[in-house]
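Asker: Our numbering puts the first sequence at residues 67 to 838. We put the CB at the ideal spot given by N, CA and C, even for glycine. First the structure, then my questions, so here it is.
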Amino acid sequence: MEPKISEKAWNPELEKNILKQWEEEKIYDFKPNDDNFTIDTPPPYPSGRPWHIGAAAHYSQIDMIARTARMAGKNVYFPIGIDRNGLPVELYTEKKHKIRMRETERGEFLNLCKDALDDLEAEMILIMKSLGISGDFANYYRTDSEEYRSLTQSTFIDLWKKGEVYLANRPNNYDWVSGTTIADAEIIYDDLQTKLVYMKFKIKDTDKEIIIASTRPELLCACRTIIVNPDDERYSNYIGEKIIVPITNSEVELRTHHSAKEEFGSGAVMVCSYGDQNDVALFRELQLEEIVAIGLDGRMTEVAGEYAGLKPKQARTKIIEDLETAGFVEKIEDIVHRTPISERSKIPIEIIPMEEYYLKQKEKIGKMKDIGKEITFHPNMHKQILMNWLESINIDWPISRRRFYGTEIPIWYCKECSEPHVPEPGKYYRPWNEKCPITNCTKCKSTEFIGEERTFDTWMDSSVSPLFISKFNRDDEFFKKVYPASIRPQAKDIVRTWLYYTLLRCEELTGEKPWSEAWIMGYGLDEKGMKMSKSKGNAIDPLPVIEKLGADTFRFWSASEINHGYDFRCNEQKIESTKKFLSKLWNVSRFLSSFPVIDSGIPTASDKWILSELDKLVKECKKGYEEYNFFIPAIAIREFTWNVFAAHYIEMVKARAYGIDFSDEERNGAIFTLHKTLATILKLLAPITPFITEHLWKILYSNESIHQQKQVNFEDIEEQTEITKEIAEFNSKVWNEKKSQNLSLKDSIKIEIPEILEPFKKDLKSMHNLLD
RNA sequence: GGGCCUGUAGUCUAGCUGGUUAGGAUACCGCCUCGACAUGGCGGUGAUCAUGAGUUCGAAUCUCAUUAGGCCCA
Numbered sequence: 067m068e069p070k071i072s073e074k075a076w077n078p079e080l081e082k083n084i085l086k087q088w089e090e091e092k093i094y095d096f097k098p099n100d101d102n103f104t105i106d107t108p109p110p111y112p113s114g115r116p117w118h119i120g121a122a123a124h125y126s127q128i129d130m131i132a133r134t135a136r137m138a139g140k141n142v143y144f145p146i147g148i149d150r151n152g153l154p155v156e157l158y159t160e161k162k163h164k165i166r167m168r169e170t171e172r173g174e175f176l177n178l179c180k181d182a183l184d185d186l187e188a189e190m191i192l193i194m195k196s197l198g199i200s201g202d203f204a205n206y207y208r209t210d211s212e213e214y215r216s217l218t219q220s221t222f223i224d225l226w227k228k229g230e231v232y233l234a235n236r237p238n239n240y241d242w243v244s245g246t247t248i249a250d251a252e253i254i255y256d257d258l259q260t261k262l263v264y265m266k267f268k269i270k271d272t273d274k275e276i277i278i279a280s281t282r283p284e285l286l287c288a289c290r291t292i293i294v295n296p297d298d299e300r301y302s303n304y305i306g307e308k309i310i311v312p313i314t315n316s317e318v319e320l321r322t323h324h325s326a327k328e329e330f331g332s333g334a335v336m337v338c339s340y341g342d343q344n345d346v347a348l349f350r351e352l353q354l355e356e357i358v359a360i361g362l363d364g365r366m367t368e369v370a371g372e373y374a375g376l377k378p379k380q381a382r383t384k385i386i387e388d389l390e391t392a393g394f395v396e397k398i399e400d401i402v403h404r405t406p407i408s409e410r411s412k413i414p415i416e417i418i419p420m421e422e423y424y425l426k427q428k429e430k431i432g433k434m435k436d437i438g439k440e441i442t443f444h445p446n447m448h449k450q451i452l453m454n455w456l457e458s459i460n461i462d463w464p465i466s467r468r469r470f471y472g473t474e475i476p477i478w479y480c481k482e483c484s485e486p487h488v489p490e491p492g493k494y495y496r497p498w499n500e501k502c503p504i505t506n507c508t509k510c511k512s513t514e515f516i517g518e519e520r521t522f523d524t525w526m527d528s529s530v531s532p533l534f535i536s537k538f539n540r541d542d543e544f545f546k547k548v549y550p551a552s553i554r555p556q557a558k559d560i561v562r563t564w565l566y567y568t569l570l571r572c573e574e575l576t577g578e579k580p581w582s583e584a585w586i587m588g589y590g591l592d593e594k595g596m597k598m599s600k601s602k603g604n605a606i607d608p609l610p611v612i613e614k615l616g617a618d619t620f621r622f623w624s625a626s627e628i629n630h631g632y633d634f635r636c637n638e639q640k641i642e643s644t645k646k647f648l649s650k651l652w653n654v655s656r657f658l659s660s661f662p663v664i665d666s667g668i669p670t671a672s673d674k675w676i677l678s679e680l681d682k683l684v685k686e687c688k689k690g691y692e693e694y695n696f697f698i699p700a701i702a703i704r705e706f707t708w709n710v711f712a713a714h715y716i717e718m719v720k721a722r723a724y725g726i727d728f729s730d731e732e733r734n735g736a737i738f739t740l741h742k743t744l745a746t747i748l749k750l751l752a753p754i755t756p757f758i759t760e761h762l763w764k765i766l767y768s769n770e771s772i773h774q775q776k777q778v779n780f781e782d783i784e785e786q787t788e789i790t791k792e793i794a795e796f797n798s799k800v801w802n803e804k805k806s807q808n809l810s811l812k813d814s815i816k817i818e819i820p821e822i823l824e825p826f827k828k829d830l831k832s833m834h835n836l837l838d
């Protein structure tokens with residue numbers, strides 16, 4: 067009997083042919099019907115080379131979701147998109163061409179960004195395809211396409227008309243390196259070394275002084291008041307007194323406020339516009355008039371007097387010197403201070419009052435909480451990230467950005483009276499470069515307009531992804547069928563941005579939640595558990611790994627190593643060692659391929675035993691697949707295939723399958739059971755390793771793709787776990803005994819079979835060559 | 001400062017509705033060509049289950065404190 071499979075190992079090169087076949091046969095094509103499973107696939111962002119190996123793992127798992135759903139009989143809509151709006155590509159382009167955005171002509175700069183994006187995007191598409199992602203590549207979308215941007219703009223125009231958008235002059239987080247306002251969500255915190263300066267402030271008309279500690283002495287010129295804790299007895303006599311600010315000699319009042327901590331510094335705190343978020347809250351609460359000490363260029367303004375024009379850090383150094391010279395310094399401590407930093411440019415942000423557009427969100431928080439409660443989270447613990455974020459939102463969403471590569475805010479201002487005008491929705495507008503489509507100002511009838519130059523926060527684009535993929539406003543019939551989406555898979559670090567903003571926007575625009583399930587994954591860390599980054603040099607390029615080991619190896623590694631929802635470590639050696647399992651599966655199949663596939667057989671005791679173990683496996687996998695937790699089936703299938711099926715069952719029935727000293731009926735029982743078990747394993751494994759299972763399936767069982775099969779269901783056979791343990795123990799005992807007697811495995815030996823294994827006697831005897 | 005999550009052999013992890021010789025994978029060491037597989041088989045080394053205390057006849061598993069890490073917020 068020649069095996070149908072002759073090659074001794076799985077060759078990842080075969081994956082390329084299989085991909086081609088899938089493409090030709092269009093087996094993943096989507097046509098909407100009445101019961102669709104829509105995946106709101108995260109469009110990856112091309113920010114540089116190489117693409118993150120953690121992202122490759124992430125997309126592999128998203129594909130497992132699609133394949134699981136497909137095999138569960140669902141009509142799967144799996145769109146593929148690329149997110150192309152935003153700051154990172156601008157920074158990449160500036161660096162690549164050694165230019166500065168603001169010193170380059172806008173159209174020219176946009177073209178350079180586009181080219182960079184095209185290159186980076188090509189690499190990502192290549193990786194996604196090689197991974198076997200069963201998405202709709204033929205219709206992939208870009209968030210910077212006219213179609214997408216016009217959706218973003220239309221939804222904005224809609225909200226504008228509903229009065230959800232307003233312009234406000236408020237203290238904003240300002241990143242002066244990027245030259246833009248940033249949302250709270252884009253701020254990270256880092257512990258930075260800084261100096262805590264203890265300064266002497268004179269109390270007016272007395273010879274007394276109080277000590278105030280601050281890390282921002284350059285903001286003395288913007289100091290409006292000094293606060294102490296109401297319980298702080300050190301200052302109780304001076305409440306309401308005028309205090310003279312050193313250097314500037316201005317007078318401010320000493321007041322009490324609970325936010326001043328007695329134990330910090332001297333207990334007295336100067337309140338300036340704006341040192342930190344607490345200052346912002348105090349200015350608002352105490353209705354103080356702000357002093358703008360730092361300008362949009364990130365330098366001190368004229369109110370800083372002789373420090374004007376300096377960067378805050380330089381001004382700080384200089385003012386400390388001057389304070390020391392003038393005798394205002396009591397002492398200076400070096401401390402580590404938790405400082406808010408721009409996530410993108412990594413520099414400390416400044417808080418500067420600016421006029422920006424806001425989208426109302428505060429009054430929606432209750433509604434968002436309700437929707438959040440309705441959505442199933444996988445794993446459930448990550449719902450907490452959203453809930454915590456909802457608890458802590460305290461301002462509306464600033465949506466305008468002073469950048470170039472983004473969706474333009476579609477507003478024109480009347481040149482005469484400055485009245486803002488929004489155009490009709492449905493088209494893509496570029497106000498910085500286009501004539502206003504409105505002919506006369508609605509207020510003063512003037513015909514001259516100035517186009518808005520700012521762009522939207524990129525989350526304004528990304529947050530309508532469920533609407534874009536479902537052709538909202540473009541194809542009502544299609545929209546009705548695929549919206550709301552079934553599932554949103556995404557990484558856990560963007561729950562408070564992408565996930566939250568999507569809930570907010572989609573609910574505002576459709577009155578419905580965007581999806582019923584959210585599937586949240588952790589980050590890929592390097593082998594030491596550190597976050598991967600290009601600057602640290604610990605980033606792993608996924609492409610060579612996939613090319614060398616094959617997509618299935620990579621995918622099985624991702625399923626078997628990543629505990630769903632938790633951060634995971636990427637280690638090339640571990641990915642490589644996963645390959646062994648595919649090799650095992652290959653060889654099991656190679657062995658079985660030497661026996662004919664038969665439809666039925668009468669199972670013996672051994673066959674019934676392995677079928678009960680198989681049924682247990684099916685149950686276990688079903689549990690994992692229902693939660694889209696691929697760790698469960700991956701581990702269970704590997705354990706069963708290797709350590710139960712191959713190690714014990716196949717060895718037990720080998721002689722029977724060959725028909726040596728067994729009847730035809732007994733032989734058929736073995737062959738039938740062997741194939742039934744393997745066919746089941748292949749189906750169970752198909753969502754995780756689509757290539758090798760497809761290849762083996764087609765050679766052994768059917769011309770029709772395994773990915774068009776229904777997943778197997780369990781039959782509820784009674785478990786025989788006790789037998790499994792006994793068999794493994796008995797086999798181990800025999801192997802050990804032969805070893806200690808220096809016998810070869812094929813040599814005969816006399817060992818008593820335990821009573822419980824009596825029904826398996828004939829198989830065990832032939833397996834170990836046992837003497838009576 | 002507050003919140004959420006986590007801490008099991010070098011590494012990844014199972015077990016955590018209390019009672020297991022703490023299971024598996026990987027790495028490492030030794031032996032072995034037995035008609036699927038040396039990308040294999042068999043055997044072995046390796047864990048005071050982060051630390052301390054408590055509840056209990058009994059705790060990796062429950063409670064509290066401490067500590068370390070991750071993420072988030074202020």
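#1: Does the beta-carbon distance from residue 829 to residue 733 come in below 8 Å?
#2: Is the beta carbon of residue 462 closer than 8 Å to that of residue 839?
#3: Please classify residue 660: is it buried, with 16 or more other beta-carbons within 10 angstroms of its beta-carbon, or exposed?
#4: Which value, in whole angstroms, describes the spacing of the CA atoms of residue 458 and residue 496?
#5: By DSSP's criteria, residue 763 is part of a beta bridge. Which residues make up the other side?
#6: Report the rounded CA-to-CA distance for residue 159 versus residue 408, giving the unit in angstroms.
#7: Comparing C-alpha positions only, which one of 196, 297 and 396 sits nearest to residue 268?
#8: Given a threshold of 16 other Cβ atoms within 10 Å of its Cβ, counted over all protein chains shown, does residue 492 qualify as buried or as exposed?
#9: Would you call residue 620 buried or exposed, if buried means 16 or more other Cβ atoms sit within 10 Å of its Cβ?
#10: Enumerate, from N- to C-terminal direction, the unbroken beta strand (DSSP E) stretches of 3 or more residues contained entirely within the segment 529 to 594.
#11: What are the boundary residues of the alpha helix (DSSP H) that residue 468 is part of?
#12: Assuming residue 520 and residue 468 are in contact, meaning their beta carbons sit under 8 Å apart, how far apart are those beta carbons, in whole angstroms?
#13: Touch check for the segment 104 to 115 and the segment 553 to 573: three-plus C-beta pairs under 8 Å?
#14: Buried or exposed: where does residue 120 fall if 16 or more other Cβ atoms within 10 Å of its Cβ makes it buried?
#15: Rank 163, 285 and 745 by C-alpha distance to the C-alpha of residue 379 and give the top, closest one.
#16: Could you spell out the range, first to last residue, of the alpha helix (DSSP H) harbouring residue 733?
#17: Would you kindly check if the distance between the Cβ of residue 820 and the Cβ of residue 788 is under 8 Å?
#18: Determine the extent of the beta strand (DSSP E) in which residue 416 is found, giving its start and end residues.
#19: How far does the beta strand (DSSP E) with residue 308 in it reach, from first residue to last?
#20: Within the same chain, show all residues whose beta-carbon is closer than 7 Å to that of residue 655, passing over the 5 residues directly before and after it, in chain order.
#21: Which residue wins for smallest C-alpha separation from residue 636, given the options 611, 616 and 648?
#22: List the DSSP bridge partners of residue 360.
#23: I'd like the span of the beta strand (DSSP E) that includes residue 300, first residue to last.
#24: For residue 192, is the classification buried or exposed, using 16 other Cβ atoms within 10 angstroms of its Cβ as the cut-off for buried?
#25: With 16 other CB atoms within 10 Å as the buried threshold, where does residue 190 fall?
#26: For the pair the segment 200 to 217 and the segment 624 to 633, tell me if three or more CB-CB distances fall below 8 Å.
#27: Smallest Cα separation from residue 277: which of 236, 776, 693 and 330?
#28: Using the Cα positions of residue 368 and residue 473, report the straight-line distance between them to the nearest angstrom.
#29: Please classify residue 218: does DSSP put it in a helix, a strand, or coil?
#30: Taking the straight line between their C-alpha atoms, what separation do you get for residue 764 and residue 741?
#31: Please go through the same chain and pick out, in chain order, the residues whose beta-carbon is closer than 6 Å to the beta-carbon of residue 262, but skip the five residues on each side of it.
#32: Let me confirm a value: residue 864 is counted as buried when at least 16 other C-beta atoms fall within 10 Å, else exposed. Which label applies?
#33: Residues in the same chain with beta-carbon distance under 8 Å from residue 817, minus the five sequence neighbours each way, listed in chain order, please.
#34: Apart from the five residues on each side of it in sequence, which residues of its chain come closer than 7 Å, Cβ to Cβ, to residue 700?
#35: Whose CA, out of 233, 204, 391 and 291, lies closest to the CA of residue 356?
#36: Kindly give me the distance between the Cβ atoms of residue 198 and residue 757, rounded to whole angstroms, as I take these residues to be in contact under 8 Å.
Answerer: So, from the listed chains and residues:
#1: Position 763 of the first sequence, counted from the start, is the residue given in the question as residue 829. Position 667 of the first sequence, counted from the start, is the residue given in the question as residue 733. For residue 829 and residue 733, no; Cβs fall outside 8 Å.
#2: With the chain covering only 67 through 838, there is no way to say anything about residue 839.
#3: Counted from its first residue, the first sequence places residue 660 at position 594. So residue 660 counts as exposed.
#4: Taking the first residue of the first sequence as 1, we reach residue 458 at position 392. Taking the first residue of the first sequence as 1, we reach residue 496 at position 430. Their Cα atoms are separated by approximately 35 Å.
#5: One-based indexing of the first sequence puts residue 763 at position 697. Partner(s): none; residue 763 has no beta bridge.
#6: On the first sequence, residue 159 is found 93 positions in, with the first residue counted as 1. On the first sequence, residue 408 is found 342 positions in, with the first residue counted as 1. Straight-line Cα distance between these residues: approximately 19 Å.
#7: As a first step, residue 268 must be located in the first sequence, where it is residue number 202. Comparing Cα positions, the closest option is 396.
#8: Taking the first sequence and counting its residues from 1, the one referred to as residue 492 is at position 426. It is exposed - the Cβ of residue 492 has fewer than 16 other Cβ atoms within 10 Å.
#9: Counting from 1 along the first sequence, the entry for residue 620 is found at position 554. When all chains shown are included, residue 620 counts as buried.
#10: 551 to 557 and 581 to 587
#11: Against the first sequence, residue 468 aligns to sequence position 402. From DSSP, residue 468 is part of no alpha helix (DSSP H); its letter is neither H nor E.
#12: For the purposes of this step, residue 520 is identified with residue 454 of the first sequence, where counting begins at 1. For the purposes of this step, residue 468 is identified with residue 402 of the first sequence, where counting begins at 1. Confirmed, Cβ separation roughly 6 Å.
#13: yes
#14: As a first step, residue 120 must be located in the first sequence, where it is residue number 54. Looking at its Cβ environment, which holds 16 or more other Cβ atoms inside 10 Å, residue 120 is buried.
#15: Stepping through the first sequence from its first residue, residue 379 is reached at position 313. Minimum Cα distance to residue 379 is reached at 285.
#16: On the first sequence, residue 733 is found 667 positions in, with the first residue counted as 1. Where residue 733 is concerned, the enclosing alpha helix (DSSP H) stretches over 730 to 751.
#17: Along the first sequence, read from residue 1 onward, the residue named residue 788 stands at position 722. Along the first sequence, read from residue 1 onward, the residue named residue 820 stands at position 754. No; because the gap between Cβ atoms is not below 8 Å, this pair is not in contact.
#18: The residue you call residue 416 lines up with position 350 of the first sequence. Taken as a continuous stretch (DSSP letters only), the beta strand (DSSP E) holding residue 416 covers 416 to 425.
#19: In the first sequence, the residue the question calls residue 308 occupies position 242. From DSSP, the beta strand (DSSP E) with residue 308 extends over 308 to 310.
#20: Walking along the first sequence from the start, residue 655 turns up at place 589. So the list reads 71, 744, 762 and 766, once near-sequence residues are dropped.
#21: By one-based count along the first sequence, residue 636 stands at place 570. Taking only the C-alpha atoms, the option nearest residue 636 is 611.
#22: Taking the first sequence and counting its residues from 1, one reaches residue 360 at position 294. For residue 360, which the question treats as bridged, DSSP gives the partners 366.
#23: Working through the first sequence from its first residue, we reach residue 300 at position 234. Careful: residue 300 lies outside any beta strand (DSSP E) and carries neither H nor E.
#24: The residue you call residue 192 lines up with position 126 of the first sequence. By the neighbour-count rule (16 or more Cβ atoms within 10 Å), residue 192 is not buried but exposed.
#25: Translated into the one-based positions of the first sequence, residue 190 becomes position 124. By the neighbour-count rule (16 or more Cβ atoms within 10 Å), residue 190 is buried.
#26: no
#27: By 1-based counting over the first sequence, the position of residue 277 is 211. Ranking the options by Cα distance to residue 277, first place goes to 330.
#28: The count along the first sequence starts at 1 and reaches residue 368 at position 302. The count along the first sequence starts at 1 and reaches residue 473 at position 407. Near 35 Å, if we compare the C-alpha coordinates of residue 473 and residue 368.
#29: If you number the first sequence from 1, residue 218 lands on position 152. In the structure shown, residue 218 sits in a helix (DSSP, three-state: H, G or I).
#30: Counted from its first residue, the first sequence places residue 764 at position 698. Counted from its first residue, the first sequence places residue 741 at position 675. Approximately 13 Å, taken between the alpha carbons.
#31: The count along the first sequence starts at 1 and reaches residue 262 at position 196. If we look at residue 262 and ignore the five residues flanking it on each side, its Cβ neighbours are 279, 281, 399 and 401.
#32: This structure cannot settle anything about residue 864, because the visible part of the chain is limited to 67 through 838.
#33: In the first sequence, the residue the question calls residue 817 occupies position 751. So the list reads 799, 800, 803, 834 and 836, once near-sequence residues are dropped.
#34: Against the first sequence, residue 700 aligns to sequence position 634. Answer for residue 700: 622, 625, 626 and 754, listed in chain order.
#35: As a first step, residue 356 is located in the first sequence; it is residue number 290 there, counting from the start. Answer by Cα proximity: 291.
#36: Taking the first residue of the first sequence as 1, we reach residue 198 at position 132. Taking the first residue of the first sequence as 1, we reach residue 757 at position 691. Correct: roughly 6 Å between the Cβ atoms.
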